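Peer 1:
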Amino acid sequence: MPDFSPTQYAVPLFVAAILIEMGWSRLRAPEAYEPRDTLVSLAFGLGSTMAGALLGGFAAYVFIKAYDFRLFDFGEQWWAVWWAWPLAFVLDDLKYYWVHRAGHRIRWMWAAHVNHHSSQHYNLSTALRQTWTGNFTFGLLFAIPLVLLGFHPIMLGIVGGFNLIYQFWIHTEAIDKMPCWFEAVMNTPSHHRVHHATNPRYLDRNYAGVFIVWDKLFGTFEPERSDEPIRYGIIKQLGSFNLLWAVFHEWIGIAQDLWRAPWRHKLDYLLREPGWSHDNSRETSDMIRARWLARQSGQGEAAKVHLPAAAGNPIATPPEAA
Amino acid sequence: MMDIPPLVLQFGGSLVAILVVSGLVWALKLGGKPGLENALDVARAAGEVEDGFRPIRHSIARQRDAALAADAEGRIMLIKRHGNKFAGRVLTPAARVREEVDMLIVDPGEARFGSVRLSLGDAAYWADAINRL
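The listed protein sequences derive, respectively, from chains D and W. Okay, so the first sequence: first residue is 1 according to this note's numbering, each after it adds one. Okay, so the second sequence: first residue is 1 according to this note's numbering, each after it adds one.
1) Return the CA-CA distance between W:GLU73 and D:ALA290, expressed in angstroms with no decimal places.
2) Run down chain D in chain order and give the residues with a C-beta less than 7 angstroms from the C-beta of W:ASN84.
3) Can you list, in chain order, the residues of the region 4-27 of chain D whose Cβ is nearer than 9 angstroms to any Cβ on chain W?
4) Short check: CB of D:ASP68 to CB of D:GLY150, under 8 angstroms?
5) Under DSSP, the alpha helix (DSSP H) around D:VAL15 begins and ends at which residues?
6) Using 8 angstroms as the threshold, is the region 103-113 of chain D in touch with the region 69-84 of chain W, meaning 3 or more CB pairs across them?
7) If you measure from the beta carbon of D:GLN130 to each beta carbon in chain W, is any gap under 8 angstroms?
8) What is the DSSP secondary structure of D:HIS152, counted as helix, strand or coil?
9) By the criterion of Cβ-Cβ separation under 9 angstroms, what are the contact partners of W:LEU118 in chain D?
10) Using the Cβ count rule (16 or more neighbours within 10 Å means buried), how would you classify D:SER25?
11) Report yes if the CB atom of D:SER240 is closer than 8 angstroms to the CB atom of W:ARG112, and no otherwise.
12) Hey, is W:ASP51's beta-carbon within less than 8 angstroms of any beta-carbon in chain D?
13) In terms of residues, what are the limits of the alpha helix (DSSP H) holding D:LYS65?
14) Tell me the rounded alpha-carbon separation between D:SER5 and D:LEU94.
15) Can you name the residues of chain D whose CB is closer than 9 angstroms to the CB of W:TRP126?
16) Does the pairing of the region 207-215 of chain D with the region 181-189 of chain D give three or more beta-carbon distances under 8 angstroms?
17) For the ligand GTP, is there a heavy atom less than 7 angstroms away from the beta-carbon of D:SER190?
18) Is W:ARG62 buried or exposed, if buried means 16 or more other CB atoms sit within 10 Å of its CB?
19) Please list, in chain order, all residues of the same chain as W:ARG54 whose beta carbon is under 6 angstroms from its beta carbon, the five residues on each side excluded.
20) Would you call W:ASN84 buried or exposed, if buried means 16 or more other Cβ atoms sit within 10 Å of its Cβ?
21) Nearest-angstrom Cα distance between D:TYR232 and D:TYR61?
22) Closest to D:LYS65 by CA distance: which of D:VAL147, D:GLN256, D:VAL194, D:HIS117 is it?
Okay, structure coming up:
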């Protein structure tokens with residue numbers, strides 16, 4: 001049975017790549033890094049590793065138990081079935097798409113995943129801004145179907161590790177676009193910049209891990225535009241470099257909402273999309289996008305009667321292909 | 001030699017590594033401190049805080065690191081430099097403001113966002129406007 005953790009072997013590569021990107025930043029884009037932001041991102045990575053080591057046992061236990069009920073059996077030497085590996089990798093990436101999509105559309109899941117988006121920067125250190133609290137969500141349930149199909153939990157752990165490693169290099173502004181064929185099939189820095197953007201056009205788009213085809217298949221793909229500068233982070237930027245606040249702020253927000261909300265809405269604050277509120281006092285990503293689209297069409301009408309559309313928000317200019 | 005648990009060793013080594021890498025970012029002088037210089041800068045930052053927020057009046061702190069902006073609906077936005085980016089809040093009635101000599105101190109009512117100190121020419125106008133929210 002293989003005893004192999006690809007992410008452990010990748011750590012030196014992560015560090016080397018960050019150092020190289022910092023060199024690029026020094027020469028081309030000094031604003032791409034910020035010392036405190038980098039420290040918080042890396043501390044997130046360290047804490048996430050520790051949380052996984054301390055709390056990951058529960059998920060392993062659930063998977064091992066579920067494996068007993070598998071529909072198909074690859075045999076005692078399941079690791080020697082060569083075609084099971086690429087199949088597991090692709091299916092695990094499909095699973096990642098859906099767990100990631102849930103991570104953005106269900107506040108309970110978002111409370112853990114928001115950590116990864118909490119930086120206003122987008123560089124390789126941001127990739128290491130991983131959650132500490134993923135084990136307190138129901139994300140592991142998304143992998144159960146794969147276990148029941150007969151993929152051994154260790155196999156899923158290994159392909160999941162390679163998936164995570166792939167996603168590291170796409171967290172950069174140093175690479176503009178990859179070749180067309182690559183952009184068409186694979187997740188790339190360009191596609192993933194869109195995912196980390198807070199521009200209304202880009203909200204809740206490009207959930208892919210490795211293969212961008214899932215977004216194209218399920219209607220969540222949005223290409224990056226050269227005429228729209230991306231702003232990174234979350235809708236309500238933290239404005240703080242406090243690590244613990246960055247880790248737990250959404251959980252605290254949920255707890256406060258659960259405490260204050262009327263009984264019939266308490267569960268909504270856990271299961272509905274981030275930004276939802278029973279009194280419409282907040283905005284979801286859908287509401288922000290709708291307001292932006294309405295403003296764009298309004299500006300279009302204003303332009304027709306020669307009103308100064310240029311007086312609009314200089315960040316969110318682009319009206320053409322919304 | 002004392003036995004150190006592998007997890008503790010991993011934690012210690014990683015902690016040293018991240019401090020070194022973060023120190024390198026600082027040593028390379030990456031980041032910088034952008035300033036708010038004019039109305040366009042404030043409009044851009046305000047649009048980043050809340051998409052569609054269009055200031056009709058604004059005041060920039062003398063240090064260029066913060067600003068207050070008001071839109072046509074009478075909303076007031078507090079903007080501050082955060083690292084080498086800007087972050088802000090649309091103020092609510094929970095906001096508190098006080099004046100100290102030539103400094104306006106605005107507390108948006110969020111402990112973690114913190115109070116922002118602005119040296120403004122028209123501090124009294126903003127103090128009054130915030131108190132009326």
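Backbone N, C-alpha and C define an ideal beta-carbon position, used for all residues, glycine too. Given the structure is predicted, the values throughout are model-derived calculations rather than measurements.
Peer 2: Result, derived from the coordinates:
1) Answer to the nearest angstrom: the Cα atoms are 19 angstroms apart.
2) Here the neighbours are GLU31, GLU34.
3) VAL11, VAL15, ILE18, LEU19, MET22, GLY23, SER25, ARG26
4) no
5) 6-28
6) no
7) no
8) coil
9) By Cβ distance, chain D contributes nothing, its closest Cβ being about 15 angstroms from W:LEU118, past 9 angstroms.
10) buried
11) yes
12) yes
13) 35-67
14) 21 angstroms
15) Going along chain D, no residue has its Cβ under 9 angstroms from W:TRP126, so there is no contact; the nearest lies around 19 angstroms.
16) yes
17) Of the ligands one can find in the structure shown there are none, so the ligand GTP has no counterpart to examine.
18) W:ARG62 is classed as exposed because its beta carbon has fewer than 16 other beta carbons within 10 Å across all chains shown.
19) ASP71
20) Buried, by the Cβ-count rule.
21) 37 angstroms
22) Nearest in C-alpha terms to D:LYS65, of all of D:VAL147, D:GLN256, D:VAL194, D:HIS117, is D:VAL147.
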